[in-house]
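Here the structure is laid out as structure tokens; the discussion comes afterwards.
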Amino acid sequence: MGEGTEDRTQAYMKHVVLEPEHEKEYAQPLLTLFDELLAWDLASGDSRIIFYTEGRGRLWENRTEQEFQAFAWSHVHPRECSRFRTFFSTVHMKELSADRNPDRLVYRQRTEEGDYVWVEVVAITAGGGTMLCYVRDMGKEEQKRYMQEQIIDQYVYRKCDFFLCLDGDTGYYEILQKNDSRIQGQMPHSGNYEQELEACIRKYVVSEDRDLLLEKASMNNVLDVLEREGELMVSYGEKGMDGRYARKLLRYVYFDRQERKILLMRQDITAEYLEQRRQKKRLSDALLHARIDSLTGLYNRQAVNAKINGILREAAVMPPSVLLFIDLDNFKTVNDTLGHRYGDKVLCSVAECFRQVLRTSDIIGRVGGDEFVAFLSGVTSLDEARECAGRLCQAVSRIPDLDLKGCGLSCSIGGAVCPRDGRDYDSLLIKADIAVYEAKRRGKNQFAFYEPGMKPHSEP
Numbered sequence: 001m002g003e004g005t006e007d008r009t010q011a012y013m014k015h016v017v018l019e020p021e022h023e024k025e026y027a028q029p030l031l032t033l034f035d036e037l038l039a040w041d042l043a044s045g046d047s048r049i050i051f052y053t054e055g056r057g058r059l060w061e062n063r064t065e066q067e068f069q070a071f072a073w074s075h076v077h078p079r080e081c082s083r084f085r086t087f088f089s090t091v092h093m094k095e096l097s098a099d100r101n102p103d104r105l106v107y108r109q110r111t112e113e114g115d116y117v118w119v120e121v122v123a124i125t126a127g128g129g130t131m132l133c134y135v136r137d138m139g140k141e142e143q144k145r146y147m148q149e150q151i152i153d154q155y156v157y158r159k160c161d162f163f164l165c166l167d168g169d170t171g172y173y174e175i176l177q178k179n180d181s182r183i184q185g186q187m188p189h190s191g192n193y194e195q196e197l198e199a200c201i202r203k204y205v206v207s208e209d210r211d212l213l214l215e216k217a218s219m220n221n222v223l224d225v226l227e228r229e230g231e232l233m234v235s236y237g238e239k240g241m242d243g244r245y246a247r248k249l250l251r252y253v254y255f256d257r258q259e260r261k262i263l264l265m266r267q268d269i270t271a272e273y274l275e276q277r278r279q280k281k282r283l284s285d286a287l288l289h290a291r292i293d294s295l296t297g298l299y300n301r302q303a304v305n306a307k308i309n310g311i312l313r314e315a316a317v318m319p320p321s322v323l324l325f326i327d328l329d330n331f332k333t334v335n336d337t338l339g340h341r342y343g344d345k346v347l348c349s350v351a352e353c354f355r356q357v358l359r360t361s362d363i364i365g366r367v368g369g370d371e372f373v374a375f376l377s378g379v380t381s382l383d384e385a386r387e388c389a390g391r392l393c394q395a396v397s398r399i400p401d402l403d404l405k406g407c408g409l410s411c412s413i414g415g416a417v418c419p420r421d422g423r424d425y426d427s428l429l430i431k432a433d434i435a436v437y438e439a440k441r442r443g444k445n446q447f448a449f450y451e452p453g454m455k456p457h458s459e460p
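Be aware that the sequence shown starts at 1, since it is given in UniProt numbering, and climbs by one per residue.
See the structure below:
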């Protein structure tokens, strides 16, 4: 080594361990920048120290690849351990050598006192089957900047399709960061935000979200919301480059309110959106299951009660309506003769019959083994209610594709009129129940509407 080099080496307390002639050109210019230098032999996977700084050596021993892997487990912070082991592997070093590209590793290493220090390693190709790794401790300011960069990278850039700065006065914008694999059609910069926005919306956004997005993302609306609330977020759907549906979230915030400089970030929220949809469907299915009779698919007793009372309570004026209580005639005989399985088939056929005869706005439910309720809202006259009850009786007695082996199937119906006979479900049901037994006393397969003086079926 030359005299100047020796002086500089001594001044920085560098300890040159092995310095073959071809390594001087790498070691000398970096003596003041790095704390140590090691060479990695690509053939053997062994490393050897060329120089290190007294008191600041981090990897200052000659090691095999296996020893590096063991060193990682005992000295490197768990969060960076996997990256360290990958970095200091012959496979990785050979890849760097083949590409002739440098690589950088930043990790935390435990000291003898048990604290952690941030360490930077830069690996470059030296030729001759050797990789050189320059190692140094990072200063406090560098550590702070590095952590800030990592936070921004992890929580902003990596989560964004793009990240741009928008001038609220001129409409000029410039993309500061973008993920090319997740964006389509966005110009890197433009002097006309509104024009580019409309072009992208017309081309890529799904039709049902276009008008809303044009309104929400317009410059006037963005500025108005930012002035009032400080932040604007709007989501929409688009067809991705692979043709699949993707959900995006635009987030606008002020970078400089006085100068009206706006930061706009777009995130892909497809996974969250789809999971939210799945959860909503699961909840909807659970609620539906709690309200639906599992055999017939009609509303169950609790749902019928809740829905009818809900309609009657919420109406500003009590709507003219009719409650029909439907009881199947001879169903016990059908069950006893043909079996419960065939009886279930009969109940399902009856339920389908009701769906075909009644309106989609009517509420139909199974409230007992062979008992059903139909609530007809908006019935204008008692004659209309009688006509509907008659159609139901006729339809049940003529259900096709049922081989009842001579067991006749029909229904008896009792009706109660709202608000004349009651203003809630229970009151109407009591009157309709009295009326249905009046219909049965008259000979079954017919209907009757409640009238004062009718006796409950429990009375002689």
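Yeah, the Cβ is synthetic: ideal placement off N, Cα and C, and Gly gets one too. Just so it is clear, the structure is predicted and the values come from calculations on it, not from any experiment.
- Between the region 325 to 335 and the region 401 to 418, the count of Cβ pairs shorter than 8 Å is three or higher; the stretches touch.
- Closest by C-alpha distance to C348, out of L59, I399 and M131, is I399.
- In this structure, F447 lies near A389, with their beta-carbon atoms less than 8 Å apart.
- When the five nearest sequence neighbours on each side are left out, the beta carbons in the same chain lying within less than 6 Å of the beta carbon of K440 are those of S412, in order along the chain.
- By the beta-carbon neighbour count (other beta carbons within 10 angstroms, threshold 16), L312 is buried.
- For R291, the uninterrupted alpha helix (DSSP H) run begins and ends at T270 to R291, by DSSP.
- Looking at D293, S218, A39 and D242, the one whose alpha-carbon comes closest to that of A126 is A39.
- Under DSSP, K216 takes part in no beta bridge, so it has no partner.
- With respect to the C-alpha of T270, the residue from R251, Y245 and V253 having the closest C-alpha is Y245.
- Look at T125 here: in three-state DSSP terms it is strand.
- Under the 10 Å beta carbon count, N101 is surrounded by fewer than 16 other beta carbons and is classified as exposed.
- Per the coordinates, the alpha-carbon of L264 lies some 17 Å from the alpha-carbon of G237.
- When C-alpha distances from T170 are compared across V357, Y193 and Q177, the shortest belongs to Y193.
- Less than 8 Å divides the Cβ of F354 from the Cβ of L392.
- No residue range can be given for M138, since it is assigned to no alpha helix (DSSP H) and is classified by DSSP as neither H nor E.
- Taking C-alpha positions only, E198 is separated from H289 by approximately 44 Å.
- R145 has its alpha-carbon roughly 10 Å from the corresponding atom of G139.
- Between the region 245 to 256 and the region 229 to 236 there are three or more C-beta pairs closer than 8 Å, enough to call the two in contact.
- Counting only the Cα atoms, Y299 lies some 13 Å from T360.
- Taking C-beta separations shorter than 6 Å and ignoring five residues to either side along the sequence, the partners of F68 in its chain run F88, following chain order.
- Annotation for Y236: the continuous beta strand (DSSP E) segment containing it runs E231 to K239.
- Among the bridge pairs identified by DSSP, C165 is matched with E174 and L263.
- Unbroken beta strand (DSSP E) runs of no fewer than 3 residues, entirely contained in the region 75 to 113, are found at 103 to 110, following chain order.
- In this structure, R301 sits near G365, with a CB-CB distance shorter than 8 Å.
- Distance from V106 to R58 at the Cβ level is roughly 12 Å; contact not present, criterion being Cβ atoms closer than 8 Å.
- Short of 8 Å from the beta carbon of K94, and not among the five residues preceding or following it, lie these beta carbons of its own chain, in chain order: L42.
- In terms of CA proximity to P320, V417 leads the group K261, K332 and V417.
- Collapsing the DSSP output to three states places E198 in a helix.
- DSSP places S377 inside the beta strand (DSSP E), whose first and last residues are E371 to S377.
- In the displayed model, L404 falls within coil according to three-state DSSP, outside both helix and strand.
- With a minimum length of 3 residues, the unbroken runs of beta strand (DSSP E) contained wholly in the UniProt domain "GGDEF" (319 to 452) fall at 321 to 329, 363 to 366, 371 to 377, 410 to 418 and 447 to 449.
- For L38, the enclosing beta strand (DSSP E) stretches over residues E36 to D41.
- Within the same chain, L312, C418, P419 and R423 come within 8 Å of M318 by CB-CB distance, once the 5 residues on both sides are set aside.
- K307: member of the alpha helix (DSSP H) spanning R301 to E314, first to last residue.
- Less than 8 Å divides the Cβ of R260 from the Cβ of D167.
- Shown here, E61 sits in coil according to DSSP, grouped into three states, outside any helix or strand.
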